[in-house]
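Just below is one structure, and these are the notes that go with it.
There are 2 protein chains.
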Amino acid sequence: MKTLTESEENYIKALYYLGDRDAVSNGDLATRIGAKGSSVTQAVKRLALKSLVEVVPYRGVRLTEDGRTQAIHILRKHRLWETFLVEKLGFGWEEVHPIAEQLEHVQSPELVRRLAAFLGSPESDPHGDPIPHENGHVPPKQGRPLSVFEAGQEFEVVRVEDAGSEFFSQLDSLQIALGNTYTVKSISAFDKSIELERSEGSSFWLSSSMSNNIYANPTYKQS
Amino acid sequence: MKTLTESEENYIKALYYLGDRDAVSNGDLATRIGAKGSSVTQAVKRLALKSLVEVVPYRGVRLTEDGRTQAIHILRKHRLWETFLVEKLGFGWEEVHPIAEQLEHVQSPELVRRLAAFLGSPESDPHGDPIPHENGHVPPKQGRPLSVFEAGQEFEVVRVEDAGSEFFSQLDSLQIALGNTYTVKSISAFDKSIELERSEGSSFWLSSSMSNNIYANPTYKQS
DNA sequence: AATAATTTTTAGCTTTGCCTAAAACTATTT
DNA sequence: AAATAGTTTTAGGCAAAGCTAAAAATTATT
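Which chain is which? The protein sequence lines are A and B, in order.
FYI, in my numbering the residues of the first sequence are 3 to 225.
FYI, in my numbering the residues of the second sequence are 3 to 225.
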């Protein structure tokens, strides 16, 4: 398993994100990477030479098992570093992504092992995304979007999708954080916005564009 | 102050190490970087275009004030990360250099600030080398080589030079660590090897090639 | 001072990774 | 089925960073 360049790592990470085991179109990959289609064509050719992907011209690119394994390891590093930045250095959860994108390229298996241990082998990162295990196992993503819950349902926020820094500051100003529980008070028939009640009694409205990026598990309160 | 490539950062770091404000020869720089002279000639031309160095053909290269400032910031990052790796992750002091060489290239001033705070704003790294301040001030290197001490003198080990992993394991097996104090019991007239006495009474001999890489401050014991 | 040895630079080649513009292929629509 | 629209690939450039081999400049030696 040879060590990859930073660009190569970014490509297989993007391929895993966009398609996991499925084929990804040149265009989607180009958008995700932020390069032109012609650059992507070239890049995936190089990746194919290293058996990280399989390419069918005009049809798309797909990770090989080897490529997928490597992608997962990079994801593991990314999420461990994000956890470190928030838990140990006190960064806000909206700030850590670009820094983790740099840190994830550092090559040292021992560093990853020690970092994970230092953090207490966390199961999920500050956004609630699962941290792949060292053996390559990727736990499933937790939670369902708030839109699926009905009035009266209590739930625990377990994950948020990265929808930009404005989304995060909105979350912060509403004091929404992972682990918090709320009850659905009502749902607007007009625009699907949701009224939530905090455990201490106060309540507030959440637009559907907000709630679509918030994932939760129902709590079956002991009666 | 534009952001540099990893290669550029390595060049200015090498220039700072080899010459600080003095000119460095192409050959010395090539050896340090691990590249051929012709590559170095090219590289320093690029650096000169960015006003990081001044080049006089056939005469050598010298950092500009801007280049020097940037070198010091990289050194600060390097030594902070080494401290993190040893203090927080439990790495041995002989293992951390190559990992810190990767981490030092991560770009985020806020990360450096928070890392320093997290570590308690350390003055020196695990080898006893001074950590440059955020404002660019570089504290002087501490200690003098053991060879300058005379029999009967007590001293505190404050710094070691990186002389390879065998050197470090030798230090470990003799239980020599920063902060420890010893007394010079005798000095061999033949090969300048030194007999040292530990505070608990036991003693051992140290070859001059070992002692030349160990730096200490005399302790003036209160009588 | 002239020659020899060493160091540095120039010239030309390679790979990575990006670009634009044009050609080729696929998909859609009439 | 043909024309058009959209996507992907090819062709040709460019910059960073390395290399080798040859030329030029500097330093050392006779």
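Just so you know, even glycine gets a beta-carbon here, dropped at the ideal spot from N, CA and C.
In this text the structure is predicted, and so the values were computed from the model without any measurement.
Of all the CB atoms in chain B, is at least one closer than 7 Å to the CB of residue i?
i, result
"residue 206 of chain A", "no"
"residue 225 of chain A", "Caution applies to residue 225 of chain A, whose pLDDT of 47 falls short of 50 and renders its modelled position unreliable; the value that the coordinates give is listed next. Answer no: the Cβ-Cβ gap between residue 225 of chain A and chain B never drops below 7 Å."
Taking C-beta pairs closer than 9 Å, name the residues in chain B that residue i reaches, listed in chain order.
i, result
"residue 101 of chain A", "108, 109, 110, 112, 113"
Name, please, each residue of chain A whose Cβ falls closer than 9 Å to the Cβ of residue i.
i, result
"residue 93 of chain B", "112, 113, 116"
Going by beta carbon distance, what residues of the same chain come within less than 7 Å of residue i, once the five residues before and after it are set aside?
i, result
"residue 37 of chain A", "none"
"residue 128 of chain B", "84, 85, 88, 95, 98"
"residue 157 of chain B", "151, 183, 184, 218, 219, 220, 221"
"residue 2 of chain A", "Because residue 2 of chain A is not part of the residues shown, which for chain A are 3 to 225, the question remains open."
"residue 173 of chain A", "162"
"residue 225 of chain B", "Since pLDDT at residue 225 of chain B reaches only 48, below the 50 mark, its modelled position is unreliable, and the value read off the structure follows with that caveat. For residue 225 of chain B, where only same-chain residues beyond five positions count, there are no Cβ hits under 7 Å."
"residue 200 of chain B", "184"
"residue 93 of chain A", "87"
"residue 20 of chain B", "26, 30, 31, 34"
Are residue i and residue j touching if we call contact CB-CB under 7 Å?
i, j, result
"residue 80 of chain B", "residue 106 of chain B", "yes"
"residue 205 of chain A", "residue 187 of chain A", "yes"
"residue 2 of chain B", "residue 35 of chain B", "The structure shown does not extend to residue 2 of chain B, since chain B is modelled only from 3 through 225, so no value can be given for it."
"residue 57 of chain A", "residue 46 of chain A", "yes"
"residue 39 of chain A", "residue 50 of chain A", "no"
"residue 109 of chain B", "residue 43 of chain B", "no"
"residue 119 of chain A", "residue 82 of chain A", "no"
"residue 179 of chain B", "residue 215 of chain B", "no"
"residue 101 of chain A", "residue 113 of chain B", "yes"
"residue 91 of chain A", "residue 116 of chain B", "yes"
"residue 132 of chain B", "residue 126 of chain B", "yes"
What does residue i touch in chain B if you count any residue whose Cβ is under 8 Å from its own?
i, result
"residue 105 of chain A", "105, 108"
Going by DSSP, what residues sit across from residue i in a beta bridge?
i, result
"residue 126 of chain B", "B/132"
"residue 189 of chain A", "A/196"
"residue 218 of chain B", "B/146, B/159"
"residue 183 of chain B", "B/158"
"residue 65 of chain B", "B/55"
"residue 208 of chain B", "B/196"
"residue 26 of chain B", "B/63"
Any beta carbon of chain A sitting closer than 7 Å to that of residue i?
i, result
"residue 120 of chain B", "yes"
Since residue i meets chain A, which of its residues come closer than 7 Å, beta carbon to beta carbon?
i, result
"residue 90 of chain B", "120"
Among the residues of its own chain, which have a CB less than 8 Å from the CB of residue i, if the five just before and after it don't count?
i, result
"residue 217 of chain B", "130, 143, 144, 145, 146, 147, 148, 159, 160, 161, 162, 163"
"residue 74 of chain B", "18, 134, 138, 140"
"residue 23 of chain B", "64, 65, 70"
"residue 153 of chain B", "186, 187, 188, 189"
"residue 61 of chain A", "25"
"residue 176 of chain B", "206, 208"
"residue 103 of chain B", "80"
"residue 9 of chain B", "45"
Hey, would you say the C-beta of residue i is under 6 Å away from at least one heavy atom of the ligand FMN?
i, result
"residue 99 of chain B", "Of the ligands one can find in the structure shown there are none, so the ligand FMN has no counterpart to examine."
Quick one: residues in its chain with C-beta nearer than 6 Å to the C-beta of residue i, no 5 flanking neighbours on either side, listed in chain order?
i, result
"residue 167 of chain A", "96"
"residue 207 of chain A", "195, 197"
"residue 77 of chain B", "134"
"residue 12 of chain A", "none"
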